[in-house]
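Accompanying notes for the structure given below.
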Amino acid sequence: MKPLLNGINTLNEVVGKAVSLLFIALVFTVAIDLFTRYFTGRTTVWAFDINYMIYGTNFMLAGAYAMKHGSHVRVDVLYQKFSPRAQAVLEVVFLAIVMIPLCSFMFYATMLDFLNSVAAREVSIASSWRPIIYPYKAVMPLSFFLLLLQSIAHFISNFVIALKGDSDVN
415 MKPLLNGINT LNEVVGKAVS LLFIALVFTV AIDLFTRYFT GRTTVWAFDI
465 NYMIYGTNFM LAGAYAMKHG SHVRVDVLYQ KFSPRAQAVL EVVFLAIVMI
515 PLCSFMFYAT MLDFLNSVAA REVSIASSWR PIIYPYKAVM PLSFFLLLLQ
565 SIAHFISNFV IALKGDSDVN
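Numbering (the working numbering), first residue to last: 415 to 584.
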């Protein structure tokens, strides 16, 4: 069980660090757009689409990384008052009732949207450039799948803590 959990954690660590590099590309495309707009008086037709696709990809794929590092929002005022075992029980209940079913549903729904987008050869209507949108839409089911995997890993780890009182998963 431990190699599986380590594999999920490693996968989301690598993906999280890799997508953080997209901010360099985002800064670069914004700089090009600003330069062309203010120094040449012309605007780029592609910058808006590229920028929201880069930012959206970063935002979505970083979700599992954030969960792995405990960076998601929670009511810490109450949560910190509980023992580690009680915190683990709360995590298990939340993950089982909300997070895992929600990620499963969203993976299914976004996968359908992605497949429909591929079948229709969908393009973005946000600008006159009209780039294909289905590669961007592929990020959505991937991000929910990674978040689902991380939720399952988090569930197993917290379940062990809730039962044993320690985090040794064998």
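For each residue, glycine too, the CB sits at the ideal point set by N, CA and C.
Using the rule of at least 16 other Cβ atoms within 10 Å of the residue's Cβ for burial, across every protein chain shown, is SER395 buried or exposed? Absent from the model: residue 395. The displayed extent of the chain is 415 to 584, so no value can be given.
N- and C-terminal bounds of the alpha helix (DSSP H) containing ASP527: The residue given as residue 527 occupies position 113 in the sequence shown. Segment 514-534, the alpha helix (DSSP H) holding ASP527.
Starting from ILE546, follow its DSSP beta bridges and name the residues at the other end. Indexing the sequence shown from 1 puts residue 546 at position 132. In DSSP, ILE546 forms a bridge with VAL537.
Hey, could you find the ends of the alpha helix (DSSP H) LYS495 is sitting in? Taking the sequence shown and counting its residues from 1, the one referred to as residue 495 is at position 81. Taken as a continuous stretch (DSSP letters only), LYS495 belongs to no alpha helix (DSSP H), as it is neither H nor E.
Between which two residues does the alpha helix (DSSP H) holding ARG356 run? It is not possible to answer for residue 356, since the shown part of the chain is limited to 415 through 584.
Let's test the definition: count the other Cβ atoms within 10 Å of the Cβ of TYR493 and tell me whether it reaches 16, buried, or not, exposed. Locating residue 493 in the sequence shown gives position 79, counting from the first residue. Exposed, because fewer than 16 other Cβ atoms sit within 10 Å of the Cβ of TYR493.
Status (buried if at least 16 other CB within 10 Å, exposed otherwise) for ASN426: For the purposes of this step, residue 426 is identified with residue 12 of the sequence shown, where counting begins at 1. That one is buried.
Could you give the distance in angstroms between the alpha-carbon of SER531 and the alpha-carbon of ASP463? Within the sequence shown, numbered from 1, the residue matching residue 531 stands at position 117. Within the sequence shown, numbered from 1, the residue matching residue 463 stands at position 49. Cα to Cα, SER531 sits roughly 17 angstroms from ASP463.
Note down, in chain order, each residue of its chain lying with its Cβ closer than 6 angstroms to the Cβ of SER542, except the 5 sequence neighbours on either side. Taking the sequence shown and counting its residues from 1, the one referred to as residue 542 is at position 128. VAL459, listed in sequence order.
Alpha carbon to alpha carbon, what distance is there between THR454 and SER565? One-based indexing of the sequence shown puts residue 565 at position 151. One-based indexing of the sequence shown puts residue 454 at position 40. Rounded to the nearest angstrom, the two C-alpha atoms are 49 angstroms apart.
Comparing alpha-carbon positions, which option in VAL441, THR524 and LYS495 lies nearest LYS614? Lying outside 415 to 584, the shown extent of the chain, residue 614 is not represented and no answer is given.
What's the call for LEU562, buried or exposed, on a 16-neighbour Cβ count within 10 Å? Counting from one through the sequence shown, the residue named residue 562 turns up at place 148. LEU562 is buried by the Cβ-count criterion.
Are VAL537 and LEU475 close, meaning C-beta to C-beta below 8 angstroms? Looking up residue 537 in the sequence shown gives position 123. Looking up residue 475 in the sequence shown gives position 61. For VAL537 and LEU475, no; Cβs fall outside 8 angstroms.
For ASP463, name the three-state secondary structure that DSSP assigns. For the purposes of this step, residue 463 is taken as residue 49 along the sequence shown, with counting starting at 1. For ASP463, the secondary structure class from DSSP, reduced to helix, strand or coil, is helix.
Work out the CA separation of LEU436 and THR443 for me, nearest whole Å. One-based indexing of the sequence shown puts residue 443 at position 29. One-based indexing of the sequence shown puts residue 436 at position 22. Rounded to whole angstroms, THR443 to LEU436 spans 11 angstroms at the Cα level.
Pairs of beta-carbons, one from the region 564-580 and one from the region 499-510, closer than 8 angstroms: are there three or more? yes
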